[in-house]
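With the numbering used here applied, the sequence shown covers 5 to 172.
From the three backbone atoms N, C-alpha and C, an ideal C-beta is built for every residue, glycine too.
The structure appears below as structure tokens.
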Amino acid sequence: MMRPHGTPQTLEKRRRLAVRLLKQGRTYRSVAQEVGASTSSVVRWQQAYRKKGRSGLNSKPHMGRPPLLSERQKKTLVRVLVKGPLEAGYSTDLWTLKRIGQVVRKNFRVNYCTGNLWNLMNGLGWSCQKPQKRAKERREEAIRYWKRRVWPHIKKGQSAWSPLGLPG
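The structure is reproduced here in structure tokens:
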């Protein structure tokens with residue numbers, strides 16, 4: 005049986021219900037079926053209740069490795085990133101995971117591998133965005149002129165042409 009999903013409160017409620025049903029004289033198997041748990045879980049809950057009382061049914065925090073950056077450090081990182089790569093001393097206005105890793109190392113003396121940096125950025129609400137490629141020879145003023153002056157004439161004239169270029 006898989007680990008149940010739900011908030012710690014709903015899981016505790018389920019354990020308390022199981023103990024209450026056992027007190028009413030129900031069998032482990034019938035209680036397990038009713039609350040949607042394995043028989044061994046119901047036995048374990050009963051033993052915890054006998055040892056520690058109601059507190060034995062409380063959810064235990066999921067232990068894991070503590071985060072490398074505190075919440076305060078994460079907020080500081082976001083502030084640095086929002087200012088942009090140019091402000092951080094880079095030559096282009098583009099954040100890469102490598103650059104973010106360098107900023108984290110420089111500011112917090114913490115090393116993240118690329119995969120964990122990706123997870124960190126996703127956790128902060130940032131996503132990967134591919135920059136649009138533009139020609140180096142691109143002239144913005146000429147493009148604006150073309151859009152304003154030339155394109156409207158081309159657009160108007162299109163309805164007079166058939167797909168083969170013959171008069172409609």
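Query                                                                                                : Result
Host alpha helix (DSSP H) of P12 (start-end)                                                         : P12 to K27
For L121, three-class secondary structure by DSSP                                                    : helix
Where Y149 falls: helix, strand or coil (DSSP)                                                       : helix
C-alpha gap between S166 and K160, whole angstroms                                                   : Here the model assigns S166 a pLDDT of 46, short of 50, so the residue's position is not dependable, and the following value carries that caveat. Cα to Cα, the separation comes out at about 14 Å.
Cβ shell of Y53 (< 7 Å), same chain only, five flanking positions each side left out                 : V23, G60 and L61
Cα-Cα separation, L85 to E145                                                                        : 30 Å
Unbroken stretches of the alpha helix (DSSP H), 4 residues or longer, contained in the segment 24-88 : 32-39, 43-56 and 75-87
Enclosing alpha helix (DSSP H) for V108 [first to last residue]                                      : L101 to F112
CA nearest to the CA of L90, picked from R30, V82 and W99                                            : W99
Exposure of Q28, with buried meaning 16 or more beta-carbon neighbours within 10 Å                   : exposed
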